[in-house]
Amino acid sequence: MRREQKLLLVFGALVLIPVGIIWFVTWPLLHAWKLPEVTAGQIAAPVSRVLTADEVQKVNLWLQSHETAWGPSGERPPAPGQVILEMTTAQGQPVIVSIWKHKNQDDIIGVQLEKNGPYRMNSSPDEQVMALQPDGARPTE
1 MRREQKLLLV
11 FGALVLIPVG
21 IIWFVTWPLL
31 HAWKLPEVTA
41 GQIAAPVSRV
51 LTADEVQKVN
61 LWLQSHETAW
71 GPSGERPPAP
81 GQVILEMTTA
91 QGQPVIVSIW
101 KHKNQDDIIG
111 VQLEKNGPYR
121 MNSSPDEQVM
131 ALQPDGARPT
141 E
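All the letters of the sequence shown, read from the start, carry residue numbers 1 to 141 under full-length UniProt numbering.
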């Protein structure tokens with residue numbers, strides 16, 4: 001192999017490897033994540049009760065309207081969410097929504113598609129997160 005070919009190969013590797021890594025990391029943030037539709041659910045924290053059909057519909061609408069800006073799968077939070085909604089799809093698959101409230105910054109929402117599975121996280125202003133939380137699921141500050 002000639003010197004020019006080796007330099008071209010090294011240049012290609014120096015360009016393509018970082019681009020590939022950046023693409024792999026940012027792809028989950030760029031493309032829409034279609035969450036399954038939920039048909040039933042319950043609040044597991046801060047109180048425990050079954051959600052009404054209207055509350056399930058509100059949660060489902062929120063999930064379907066927030067398809068972007070979810071982080072990569074595999075995130076693990078340091079503590080359980082302050083609000084936990086255990087939802088199920090028509091096929092019986094779990095969709096667990098956890099919410100961490102913060103006073104002076106955006107609240108964090110984590111979604112799991114299996115029990116004790118990895119999270120995908122997103123942050124939203126408190127006003128948007130309030131629409132996700134059913135009555136009785138608002139933790140006291």
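Yeah, the Cβ is synthetic: ideal placement off N, Cα and C, and Gly gets one too.
Keep in mind the model is a prediction, meaning the values are calculated, not measured.
- Should residue 104 be labelled buried (16 or more other beta-carbon atoms within 10 Å of its own) or exposed? exposed
- Item | Contained beta strand (DSSP E) runs [length at least 3] in the region 28-115, N- to C-terminal order | 38-45, 83-89, 94-100, 107-112
- Would the region 35-49 and the region 78-97 be scored as touching if the rule is three or more Cβ pairs under 8 Å? yes
- Check each candidate in 107, 66, 5 and name the one with the smallest Cα separation from residue 32. 66
- Item | Pair within 8 Å by beta-carbon distance, residue 107 and residue 135 | no
- Query: Counting Cβ pairs, one atom from each stretch, are 3 or more of them under 8 Å apart for the region 109-117 and the region 87-100?
  - Reply: yes
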